[in-house]
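Position 293, counted from 1, in the sequence shown is what full-length UniProt numbering calls 293; the numbers after and before it change by one each time, with no gaps.
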Amino acid sequence: MLELPRPASPATRRPDFPRGVGSTVLLVEYAASRGLAQEAALRGSGLTAADLADPDRQVTAEQELRVVRNLLVLVPREEQAAAGREVGRRYHVSTFGIFGFALLSSPTVLDAVDVALRFWDLSFAFALPEAHLEGDAVVFSLSTTGVPADVQPFVLARDAAAVETVLDELLPGEPAPRFEPGTHRLPLPAAYLSRALPQGNPGTLAVCRAMCEDVVMARRARSGLAQRVRVLVTQRVAAGAAMEAVASDLGMSGRTLRRRLAEEGTSYQALLDEVRESLALEMLGTGRLPVEDVALRLGYAEASSFIHAFRRWRGTTPAAHQRALREAGDPA
């Protein structure tokens with residue numbers, strides 16, 4: 001009897017999770033193929049060419065949707081689903097980073113479905129996954145819950161085409177199931193789910209899943225408005241990440257942002273400190289950046305202000321932290 005995967009830590013049930021910039025890059029490239037310049041594709045999103053060039057950059061769901069809307073200005077409503085399918089076929093397994101490697105290293109298709117359900121918020125999808133048993137098949141479907149009506153035809157078609165493209169790449173050279181015409185239901189028969197994947201490796205999968213867990217735990221540590229603020233602060237931190245600028249990105253005043261964050265039990269300064277501390281540890285850990293450069297990249301006017309803040313966060317100075325890392329890594 002086929003057993004439906006039941007993830008211990010189910011992926012988010014809302015589409016407003018932060019996502020990597022890779023999807024936005026593909027959207028901008030597609031827009032360019034239709035004659036829309038990069039600047040026009042990014043207009044109103046708060047994103048820049050530098051953001052697109054940073055593979056580690058995260059964006060908010062609203063920022064990606066702004067790019068989608070800019071693109072759809074060029075596409076008549078009746079053609080938007082077709083455009084979505086065309087874009088969706090550009091999303092390959094490699095597009096999804098460690099999440100994609102986890103899919104590839106799954107021993108069977110069923111294992112890959114389990115990975116997808118567990119870590120859907122490491123994808124770029126707005127349509128949310130659902131799965132249930134029907135006889136000896138798992139029916140995988142996509143829901144538009146939470147997806148704005150004006151972008152639904154494009155988004156749903158894009159995400160469905162991306163799923164089909166990934167299935168093609170998991171078992172290359174073999175026909176993969178397709179979404180039923182006129183629906184967003186994808187029946188996956190037991191015989192197909194039990195197929196071994198050519199790159200399946202339980203050991204590699206375990207490593208990839210652990211890495212996926214680390215990423216999603218960090219992203220899920222904050223939710224709601226606080227989560228969106230952290231992403232925007234990360235994008236603006238080098239310029240100081242002024243609260244009024246981030247509030248403007250969110251379409252609200254600084255006072256409203258302060259009040260709503262207080263309702264979530266946090267503050268703008270606390271989120272700014274979280275981002276700066278996390279980035280500081282990452283940059284200092286490379287061993288390649290002097291303290292002064294780290295301070296500049298974190299938006300501090302003077303290194304002394306960064307040193308004071310770091311001592312408050314970690315109880316030591318940045319230089320001492322770097323020395324401790326070097327000594328820990330020195331076999332002598």
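Each residue gets a CB set at the ideal place from its N, CA and C atoms; glycine is no exception. For clarity, every value in this text was computed on a predicted model and none was experimentally measured.
With C-beta atoms as the reference, is A81 less than 9 Å away from P153? The sequence position of residue 81 within the sequence shown is 81, counting from 1. The sequence position of residue 153 within the sequence shown is 153, counting from 1. Contact: yes.
Measuring only from the beta carbon, is V68 closer than 8 Å to any heavy atom that is part of the ligand MG? No copy of the ligand MG occurs in the structure displayed, which carries no ligand at all.
Taking C-beta to C-beta, are V231 and T60 nearer than 9 Å? The residue given as residue 231 occupies position 231 in the sequence shown. The residue given as residue 60 occupies position 60 in the sequence shown. Taking a C-beta distance under 9 Å as the contact criterion, V231 and T60 qualify as a contact pair.
For A270 and R14, what's the separation of their Cα atoms in angstroms? In the sequence shown, the residue the question calls residue 270 occupies position 270. In the sequence shown, the residue the question calls residue 14 occupies position 14. So the two alpha carbons sit approximately 25 Å from each other.
Where the alpha helix (DSSP H) containing R236 begins and where it ends: Position 236 of the sequence shown, counting from 1, holds the residue named residue 236. That run of the alpha helix (DSSP H) goes 224–236.
From which residue to which residue does the alpha helix (DSSP H) around S304 run? For the purposes of this step, residue 304 is identified with residue 304 of the sequence shown, where counting begins at 1. Element bounds for S304: 303–314.
In the DSSP output, which residue or residues are listed as bridge partners for F140? Within the sequence shown, the letter at position 140 stands for residue 140. Beta-bridge annotation (DSSP): F140 is paired with A131, L186.
State the beta-bridge partners of T108 as determined by DSSP. For this step, residue 108 is matched to residue 108 along the sequence shown. Answer is A196.
Name the residue from E263, G20, A320 whose alpha carbon lies nearest to the alpha carbon of P290. Within the sequence shown, the letter at position 290 stands for residue 290. It is A320 whose Cα lies nearest to the Cα of P290.
Same chain, Cβ closer than 7 Å to G100, neighbours up to 5 away in sequence not counted: The residue given as residue 100 occupies position 100 in the sequence shown. Contacts found: V93, S94.
With distances taken Cα to Cα, identify the nearest neighbour of D273 among L26, A112, R314, V215. In the sequence shown, residue 273 corresponds to position 273, counting from 1. Nearest option by C-alpha distance: R314.
Using 8 Å as the Cβ pair cut-off and three pairs as the minimum, do the segment 49–59 and the segment 118–130 touch? no
In the DSSP assignment, the alpha helix (DSSP H) including R276 goes from what residue to what residue? Here residue 276 refers to the residue found at position 276 when the sequence shown is read from its first residue. Here the alpha helix (DSSP H) through R276 covers 268–286.
Hey, could you find the ends of the alpha helix (DSSP H) G254 is sitting in? Translated into the one-based positions of the sequence shown, residue 254 becomes position 254. Here the alpha helix (DSSP H) through G254 covers 254–263.
CB of residue 368 within 9 Å of CB of V28, strictly: Because the chain here runs from 1 to 332, residue 368 falls outside it and cannot be looked at.
With a threshold of 16 other CB atoms inside 10 Å of the CB of A332, please say whether the residue is buried or exposed. The residue you call residue 332 lines up with position 332 of the sequence shown. Note that A332 scores a pLDDT of 43, beneath 50, so its modelled location is shaky; the value from the coordinates is reported in the next line. Classification for A332: exposed.
Kindly indicate which three-state DSSP category R57 falls into: helix, strand or coil? The residue given as residue 57 occupies position 57 in the sequence shown. In the structure shown, R57 sits in coil (DSSP, three-state: anything other than H, G, I, E or B).
Flag this pair as touching only if the segment 112–123 and the segment 213–226 have three or more C-beta atom pairs under 8 Å; answer yes or no. yes
Residue span of the alpha helix (DSSP H) that contains Y300, given as start and end: Translated into positions along the sequence shown, residue 300 becomes position 300. Careful: Y300 lies outside any alpha helix (DSSP H) and carries neither H nor E.
Below 8 Å, can you find three or more Cβ-Cβ pairs linking the segment 292–307 to the segment 246–259? no
Pop quiz: V139 and R185 are said to be a contact at Cβ under 8 Å. What is the actual Cβ separation, rounded to whole angstroms? As a working mapping, residue 139 is identified with position 139 in the sequence shown. As a working mapping, residue 185 is identified with position 185 in the sequence shown. That belief holds up - the Cβ atoms of V139 and R185 are roughly 6 Å apart, short of 8 Å.
Rounded C-beta distance between A102 and L205? I'm assuming under 8 Å. Here residue 102 corresponds to residue number 102 of the sequence shown, with the count starting at 1. Here residue 205 corresponds to residue number 205 of the sequence shown, with the count starting at 1. About 6 Å separates the two Cβ atoms, so the contact holds.
For F179, which residues in the same chain have their Cβ closer than 6 Å to its Cβ, ignoring the five residues on either side in sequence? Numbered from its first residue, the sequence shown carries residue 179 at position 179. Cβ neighbours of F179 beyond the five flanking positions: A160, L186.
Determine the burial state of S194: buried for a count of at least 16 other Cβ atoms within 10 Å of its Cβ, exposed for fewer. The sequence position of residue 194 within the sequence shown is 194, counting from 1. Classification of S194: exposed, given that the 10 Å Cβ count is below 16.
Please check the pair G200 and S304, which I expect to be a contact at CB under 8 Å, by giving their CB distance rounded to whole angstroms. Reading the sequence shown from its first residue, position 200 is the one you call residue 200. Reading the sequence shown from its first residue, position 304 is the one you call residue 304. Not quite, the Cβ-Cβ distance comes to about 53 Å (not below 8 Å), so this is no contact.
Per DSSP, what are the beta-bridge partners of R19 in this structure? For this step, residue 19 is matched to residue 19 along the sequence shown. Bridge partners of R19: V59.
Just how far apart, CA to CA, sit P189 and D136? Along the sequence shown, one-based indexing puts residue 189 at 189. Along the sequence shown, one-based indexing puts residue 136 at 136. Cα to Cα, the separation comes out at about 6 Å.
P202 - containing alpha helix (DSSP H), residue span: For the purposes of this step, residue 202 is identified with residue 202 of the sequence shown, where counting begins at 1. From DSSP, the alpha helix (DSSP H) with P202 extends over 202–220.
Please return the same chain residues whose Cβ sits closer than 6 Å to the Cβ of A8, not counting the five positions on each side in sequence. To locate residue 8, count along the sequence shown from 1; it is residue 8. Here the model assigns A8 a pLDDT of 42, short of 50, so the residue's position is not dependable, and the following value carries that caveat. Correct list: empty, nothing qualifies.
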